[in-house]
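Q: Numbering (this note's numbering), first residue to last: 1364 to 1778.
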Ligand SMILES: [Zn+2]
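1. Would you list the residues sitting across from residue 1431 in a DSSP beta bridge?
2. Once the 5 residues before and after residue 1449 are set aside, which same chain residues still bring their CB inside 6 Å of it?
3. Have a look at 1729, 1641 and 1372 and flag the residue whose alpha-carbon is nearest the alpha-carbon of residue 1439.
4. Any chance you could list the residues with Cβ under 5 Å from a heavy atom of ligand 3, keeping chain order?
5. Can residue 1611 and residue 1600 be called in contact, C-beta distance under 8 Å?
6. Starting from residue 1734, follow the alpha helix (DSSP H) in both directions and report where the run begins and ends.
7. State whether the segment 1666–1674 contacts the segment 1619–1634, with contact taken as three or more CB pairs (one from each stretch) at a distance under 8 Å.
8. When DSSP labels each residue in this structure, what does residue 1585 get in the three-state scheme?
9. With DSSP as the reference, identify every bridge partner of residue 1666, one or two as the case may be.
10. Going by Cα to Cα distance, which pick from 1718, 1545, 1579 and 1400 is closest to residue 1464?
11. Would DSSP call residue 1410 helix, strand or coil?
12. Evaluate contact between the segment 1652–1661 and the segment 1731–1748, counting only Cβ atoms and requiring at least three cross-stretch pairs below 8 Å.
13. Based on DSSP bridge pairs, tell me the residues matched to residue 1705.
14. Helix, strand or coil, according to DSSP, for residue 1612 in the structure here?
15. How would you label residue 1447, buried or exposed, when you count the other beta carbons within 10 angstroms and need 16 or more for buried?
16. Shortest alpha-carbon distance to residue 1540 belongs to which of 1378, 1399 and 1386?
17. For the beta strand (DSSP E) containing residue 1376, name the first residue and the last one.
18. Which two residues bound the contiguous alpha helix (DSSP H) that contains residue 1780?
19. Under the three-state reduction of DSSP, which class applies to residue 1683: helix, strand or coil?
20. Could you work out which residue in 1412, 1484 and 1381 is closest to residue 1589 when comparing CA atoms only?
21. Would you list, in sequence order, the uninterrupted alpha helix (DSSP H) runs of no fewer than 4 residues that lie entirely inside the segment 1502–1548?
22. Between the Cα of residue 1586 and the Cα atoms of 1459, 1479, 1739 and 1416, which residue gives the shortest distance?
23. Just verifying my parser: in three-state terms, what is the DSSP assignment at residue 1763?
24. Residue 1750 to residue 1744, Cα distance in whole Å?
25. How many whole angstroms separate the CB atoms of residue 1441 and residue 1692, which I take to be in contact at a CB cut-off of 8 Å?
26. So is residue 1647 buried or exposed if we call it buried at 16+ other beta carbons inside 10 Å?
27. Run through the DSSP bridge pairs and tell me what residue 1464 is partnered with.
28. Based on the DSSP output, what are the partners of residue 1596 in its beta bridges?
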């Protein structure tokens, strides 16, 4: 087969390889990485011509990998793993370099929630509030929601492409897992500090149980510190218990327990994820939990962030956005959901269609008659009027607008 350009093809020194192969076989490819770093200084992404530079990173453990060149993410093809939204269209722009630092030996994140508690200090059960550095106008640390959005975006789970088919938890797990090795959070390797609930099959049950045991062994007191850790999974049910609530997760039998007050706060902070309307649209909710061991060795949640997603794990900010994301996928549109991280006030499009150039914006207008919402909507419209991009708007009191590309038929599917 003749070599072709296209997403996922990388040039390392004089060799052209698939990114998926590189990620799988980074040890095997180490000499190739070392040669490219010494002779060229970087790798090439072949998603477009002329090719775009990629950074070659090497972790302290000697693991090589490639990453997007700073500031050039926007130039990659929207279907390329190194594509990034333009500045202003994505939440992470508001972090200081202390919050998320991308270096030659990996990505270092400062999470606002501590994962290691010194045992000689008094305990508090209050979830920490993130500080915002006022002078710089940028955050010095990342909240749990910010970290969840970061991981989701790195795994490109906020990108939908008709050629990829229906996303399952198995795919999510694999993609999330491949990202963790290069990330350090509060000084700990994320693949050690974070347990992504693996997909359940009867054949994998024993291996999954062993992995959870190994993860749990890292919790609790080690020397003069108590170790907490992170669990990422899909909440199936929040069930009341005599002491609070139990979170039952998809693919995992062991529940996580929390005080009622923590769940009450989570339900307020992440009201779309815990609200009723979303469930009617086949939506699901993904949560990132900070856990510790209770004296009886139950997994106890000390903080959490939750995110509403469609049934195929595309994030959405409301149940109406779930409907829109599903309709766009049914119409075989390629799109990206810009994630907010810690920027509640930023003006971001609800969705960005990437199969037209320039990309088109999709806006879902859900709430009427609330002053702050109406003001935001007016701000958004003003922002779009300054752009040359096409704008598709849906007022949810009306039927869905046409979502087809020109020449496509049968969209919206329920019209
Ligand atoms: Zn590329």
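For glycine and all other residues, C-beta sits at the position ideal for the given N, C-alpha and C.
A: In short:
1. Indexing the chain shown from 1 puts residue 1431 at position 68. Per DSSP, 1417.
2. Start at 1 with the first residue of the chain shown, and residue 1449 comes out as number 86. Closer than 6 Å at the Cβ level, and outside the excluded window around residue 1449, lie 1437.
3. Taking the first residue of the chain shown as 1, we reach residue 1439 at position 76. Here the closest residue by C-alpha is 1372.
4. In the structure on display, ligand 3 does not appear, and the ligands it does have are ligand 1.
5. Taking the first residue of the chain shown as 1, we reach residue 1611 at position 248. Taking the first residue of the chain shown as 1, we reach residue 1600 at position 237. Yes, Cβ-Cβ distance for residue 1611 and residue 1600 is below 8 Å.
6. Along the chain shown, read from residue 1 onward, the residue named residue 1734 stands at position 371. Start and end: 1734–1748.
7. yes
8. Here residue 1585 corresponds to residue number 222 of the chain shown, with the count starting at 1. The answer is strand: DSSP assigns residue 1585 an E or B state.
9. Start at 1 with the first residue of the chain shown, and residue 1666 comes out as number 303. Paired residue(s): 1653.
10. Mapped onto the chain shown, residue 1464 falls at position 101. Minimum Cα distance to residue 1464 is reached at 1545.
11. To locate residue 1410, count along the chain shown from 1; it is residue 47. Three-state DSSP puts residue 1410 in coil, outside helix and strand.
12. no
13. Counting from one through the chain shown, the residue named residue 1705 turns up at place 342. For residue 1705, which the question treats as bridged, DSSP gives no partner whatsoever.
14. On the chain shown, residue 1612 is found 249 positions in, with the first residue counted as 1. Looking at residue 1612 - three-state DSSP - the assignment turns out to be strand.
15. Sequence index remark: in the chain shown, residue 1447 carries index 84 (1-based). By the neighbour-count rule (16 or more Cβ atoms within 10 Å), residue 1447 is buried.
16. As a first step, residue 1540 must be located in the chain shown, where it is residue number 177. Here the closest residue by C-alpha is 1386.
17. Here residue 1376 refers to the residue found at position 13 when the chain shown is read from its first residue. Here residue 1376 belongs to no beta strand (DSSP E), and DSSP marks it neither H nor E.
18. With the chain covering 1364 to 1778 only, the question about residue 1780 has no answer from this structure.
19. Numbered from 1 along the chain shown, position 320 holds the residue referred to as residue 1683. Three-state result, residue 1683: helix.
20. Position 226 of the chain shown, counting from 1, holds the residue named residue 1589. Comparing Cα positions, the closest option is 1484.
21. 1507–1517 and 1532–1543
22. In the chain shown, counting from the first residue as 1, residue 1586 sits at position 223. For the residues 1459, 1479, 1739 and 1416, the minimum Cα distance to residue 1586 belongs to 1479.
23. As a first step, residue 1763 must be located in the chain shown, where it is residue number 400. Here residue 1763 sits in coil by DSSP.
24. Taking the chain shown and counting its residues from 1, the one referred to as residue 1750 is at position 387. Taking the chain shown and counting its residues from 1, the one referred to as residue 1744 is at position 381. Going by the C-alpha atoms only, they are around 10 Å apart.
25. Taking the first residue of the chain shown as 1, we reach residue 1441 at position 78. Taking the first residue of the chain shown as 1, we reach residue 1692 at position 329. The Cβ separation is near 15 Å, so there is no contact.
26. Within the chain shown, the letter at position 284 stands for residue 1647. Buried, since its Cβ has 16 or more Cβ neighbours within 10 Å.
27. The residue given as residue 1464 occupies position 101 in the chain shown. DSSP lists 1471 as partners of residue 1464.
28. If you number the chain shown from 1, residue 1596 lands on position 233. Paired residue(s): 1650.
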